[in-house]
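Just below is one structure, and these are the notes that go with it.
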Amino acid sequence: MYRLTFTGDEDLLDVVLPLLPGGVREDSGAYAAYSGAMFSEAVRELTGGVVEAVPADWKLRQMGAGVVIGGVVGIRSPFDRETDAPIEVVVERRGSAFGSGSHPTTQMCVALLLELEPGGSAADLGCGVGTLAIVAAKLGWAPVVGVDRVPVAIEVARENVERNGVSVEVAVSDLAVDDIPLATVLLVNAPPPVHERVAAAVDASVRHVIVSGIVTDEMPDVVKGYEAAGFIVAQGLGTEDEWIALRLSC
Ligand SMILES: C[S@@+](CC[C@H](N)C(=O)[O-])C[C@H]1O[C@@H](n2cnc3c(N)ncnc32)[C@H](O)[C@@H]1O
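Positions 913 to 1162 (my numbering) are the ones given, in order, by the sequence shown.
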């Protein structure tokens, strides 16, 4: 087994990923790819990376732990060992696509979703690689949709949906201009301009909006938008580095 370690930007990743069927892992600012056979000269030249022989059980040796939220939902990558959570979600990210479950905003959204009794539809607006949509589907929300403007995120989200054996429709959509999908619960872990459009679009079919992707300074304006649509803040969470997550309900 060989490991190729290299550094580079997203443009380099876009070029070399098709040549690395096993994908890459991001680790401390560097990328690592693994292969049972020696990497091609093209890949080595493109990346300028270092190749070394590693033990065949590298996956076991490198396994991380994933994260468990509320003792109920475990989120991990395919390379992590299984969690002991009753509901486990396995997601992979790739290139610039957001969302391995490791970001505090994603985890706070899951924590807030766990406070709701599943009943009705869910829409993950700015779904990245589909983590929140998959969690919602596993919790019992249906139907579930997810949209993101980044095509590679939706490509990976589709793989993640299949990997987790859930029914979630994902599609490329730019929420700055396209119609906003509505549902009983909206999961909106996205920047303020997306919240502005979502708040302007919500109607009586929407009961809850889980809001994140914003920091303390951005909260008043975002909340104002949803309050104008008839929602009130029901629950809030925050991190030391100022990320905010809220549940607004009506
Ligand atoms: C903070 S990430 C959250 C991803 C995922 N929901 C999660 O929690 O793991 C924000 C996501 O919103 C997406 N996004 C930002 N602006 C958008 C827009 N105008 N239309 C659609 N997606 C957008 C980004 O591409 C990114 O995937």
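Where a beta carbon is used, it is the ideal one built from N, C-alpha and C, also for glycine.
All figures in this text were calculated on a predicted structure; none of them were measured in a lab.
Take residue 1063, set aside five residues on each side of it, and the residues of its chain with a beta-carbon closer than 6 Å to its own are 1084, in chain order. Exclusion of the five residues before and after residue 1108 leaves 1137 as the residues of its chain whose Cβ lies within less than 6 Å of its Cβ. Contact between the region 984 to 1000 and the region 1121 to 1139 is absent: fewer than 3 CB-CB pairs across the two stretches fall below 8 Å.
Within 10 angstroms of the beta-carbon of residue 1020 lie 16 or more other beta-carbons, which makes it buried. Distance from the Cα of residue 1075 is smallest, within the candidate group 1113, 1099, 1001 and 1125, for 1001.
Residue 1041 sits in coil when the DSSP states are folded into three classes, being neither helix nor strand. Within its own chain, the residues whose Cβ lies closer than 8 Å to the Cβ of residue 996, once the five positions on either side in sequence are excluded, are 980 and 986, listed in chain order. Closest in alpha carbon position to residue 948, among 1139, 933 and 1134, is 933. For residue 1162, the shortest separation between its Cβ and any heavy atom of ligand 1 does not lie below 7 Å.
Counting along the chain, the unbroken beta strand (DSSP E) around residue 1002 starts and ends at 999 to 1002.
Rounded to whole angstroms, residue 1048 and residue 1135 show a C-alpha spacing of 23 Å. When rounded, the separation of the alpha-carbon atoms in residue 1061 and residue 931 is 25 Å.
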